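One structure is given below, encoded as structure tokens.
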Amino acid sequence: MSIPGALAFSIYVDWFNAHGKSTRLASIGPIILICLNLPPSERLKPDNVYVLGIIPGQKEPTSLQLNYLLMPLVKELKELWQGYHFSPTSTGPLGSFIHVAILTAIADVVARHKLTGFISHSGNYFCNFCTIHKAQIEEIGPQFHYTRSYQNHKSTIVK
Numbered sequence: 000m001s002i003p004g005a006l007a008f009s010i011y012v013d014w015f016n017a018h019g020k021s022t023r024l025a026s027i028g029p030i031i032l033i034c035l036n037l038p039p040s041e042r043l044k045p046d047n048v049y050v051l052g053i054i055p056g057q058k059e060p061t062s063l064q065l066n067y068l069l070m071p072l073v074k075e076l077k078e079l080w081q082g083y084h085f086s087p088t089s090t091g092p093l094g095s096f097i098h099v100a101i102l103t104a105i106a107d108v109v110a111r112h113k114l115t116g117f118i119s120h121s122g123n124y125f126c127n128f129c130t131i132h133k134a135q136i137e138e139i140g141p142q143f144h145y146t147r148s149y150q151n152h153k154s155t156i157v158k
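Using numbering that gives the first Met the number 0, the first residue of the sequence shown is number 0, and each one after it goes up by one.
In structure tokens, the structure reads:
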């Protein structure tokens with residue numbers, strides 16, 4: 000990001016069985032933020048990884064439940080994207096101004112779809128990039144479907 004004072008993050012979400020390969024099921028999932036402004040060799044060191052929360056449960060949450068859990072983060076990120084001014088200090092007499100954004104999602108396919116508002120690969124509009132319907136799967140070419148836009152994706156989520 001070329002905005003002065005910009006902080007870029009990746010969000011990591013995944014679920015796993017807390018009992019390992021046992022037949023008992025207890026799915027838990029961390030929500031982790033990773034600062035992309037740090038050098039790659041520093042990003043994943045324990046002191047630099049922020050565990051936002053751990054989602055407990057017998058099974059992983061639905062998309063709606065995950066959205067509910069992420070609402071406070073989304074609200075905070077919207078405010079931080081607009082900009083936040085830190086008070087002056089001895090090292091920064093004018094204070095500093097930051098903007099924060101999540102640039103990437105790190106997850107398996109199921110978690111990524113839940114996190115980003117897409118349906119599974121078995122849904123009617125399965126493609127993350129275009130609006131092709133599963134009934135048109137055999138039809139290849141731009142004349143059969145349109146590239147997804149932010150507005151299109153957002154309106155589909157609301158429905």
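Glycine included, C-beta positions come from ideal geometry on N, C-alpha and C.
As the structure is a computational prediction, the values presented were derived from the model and not from experiment.
Locate the alpha helix (DSSP H) running through Tyr67, then write down its first and last residues.
Membership of Tyr67 in the alpha helix (DSSP H) is indicated by the continuous run 62-81.
Helix, strand or coil at Tyr149 according to DSSP, with G and I counted as helix
In the structure shown, Tyr149 adopts helical secondary structure according to DSSP, grouped into three states.
Quick check: Leu114 and Leu65, are their CB atoms within less than 8 angstroms of each other?
Cβ distance < 8 angstroms, so Leu114 and Leu65 count as in contact.
By the three-class DSSP mapping on this structure, what secondary structure does Thr132 have?
Rather than Thr, the amino acid found at residue 132 in this sequence is His. His132: coil per DSSP, three-state reduction.
So for Ser40, helix, strand or coil by DSSP?
Helix.
Beta-carbon gap between Ser95 and Gly4 smaller than 8 angstroms
A distance below 8 angstroms separates the beta carbons of Ser95 and Gly4.
Contact set for Val49: own chain, Cβ-Cβ below 6 angstroms, skip 5 residues either direction
According to the sequence provided, residue 49 is Tyr. The question's Val does not apply to it. Excluding the 5 residues flanking it on each side, Tyr49 has same chain C-beta neighbours closer than 6 angstroms at Leu32, in chain order.
For the segment 89-120, which segments carrying the beta strand (DSSP E) assignment without a break, of at least 3 residues, lie completely within its bounds, in sequence order?
Annotation: the segment 89-120 contains the following complete segments of the beta strand (DSSP E) (minimum length 3 residues), in chain order: 95-105.
Backbone CA spacing between Lys77 and Asn36 [nearest angstrom]
Near 19 angstroms, if we compare the C-alpha coordinates of Asn36 and Lys77.
Determine, using beta carbons only, whether Ile53 and Leu68 come nearer to each other than 8 angstroms.
Ile53 is not a Cβ neighbour of Leu68, given a cutoff of 8 angstroms.
Would you list the residues sitting across from Ser26 in a DSSP beta bridge?
Ser26 is bridged to Asn16.
Using only the alpha-carbon positions, how far apart do Gln81 and Gly19 sit?
When rounded, the distance between both Cα atoms is 42 angstroms.
Once DSSP output is grouped into helix, strand and coil, what is the label at Ser9?
Shown here, Ser9 sits in a strand according to DSSP, grouped into three states.
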